[in-house]
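Below you'll find the structure, written out as structure tokens, and then a few comments.
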Amino acid sequence: MKDEKDDQLWKEAKDRAGFKIHLLTYLIINGMLWILWFFTSGVNSYAWPIWPTVGWGIGVIFNYFGVYKFSHTAENEYQKLKGNRHLPQGGA
Numbered sequence: 027m028k029d030e031k032d033d034q035l036w037k038e039a040k041d042r043a044g045f046k047i048h049l050l051t052y053l054i055i056n057g058m059l060w061i062l063w064f065f066t067s068g069v070n071s072y073a074w075p076i077w078p079t080v081g082w083g084i085g086v087i088f089n090y091f092g093v094y095k096f097s098h099t100a101e102n103e104y105q106k107l108k109g110n111r112h113l114p115q116g117g118a
């Protein structure tokens, strides 16, 4: 039981660290794209970096929810099923 919890905590820690790396990469790369656009085209030109920023940003949001908001959903269902296994089965 303890090893199972340790494995779960280790997986959660790796997922959270992975998200932080993903977010940092997103911020650095998109910042560089906006700087490149600003110094090569200027403010009065078409702001093409908006597309990778929005597209990748959607991916970052989904990654956030997957790591921080919905990560316990599967474990909760597992615990529910595990608890139900010990209950007597309905029947005659």
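The sequence shown begins at 27 in this note's numbering and counts up one residue at a time.
Glycine is no exception: its CB is placed at the ideal position from the N, C-alpha and C atoms.
Query                                                                                                                  : Result
Distance between beta carbons of Glu101 and Gln34, contact taken as under 8 Å                                          : 7 Å
Residues of its chain near Leu59, where Cβ-Cβ distance is below 8 Å and the 5 sequence neighbours each way are ignored : Pro75, Pro78 and Thr79
Asn70: CB within 8 Å of a non-hydrogen atom of the ligand HEM                                                          : As presented, the structure is devoid of all ligands, the ligand HEM included, so that no description of it is given.
His48 - DSSP class collapsed to helix/strand/coil                                                                      : helix
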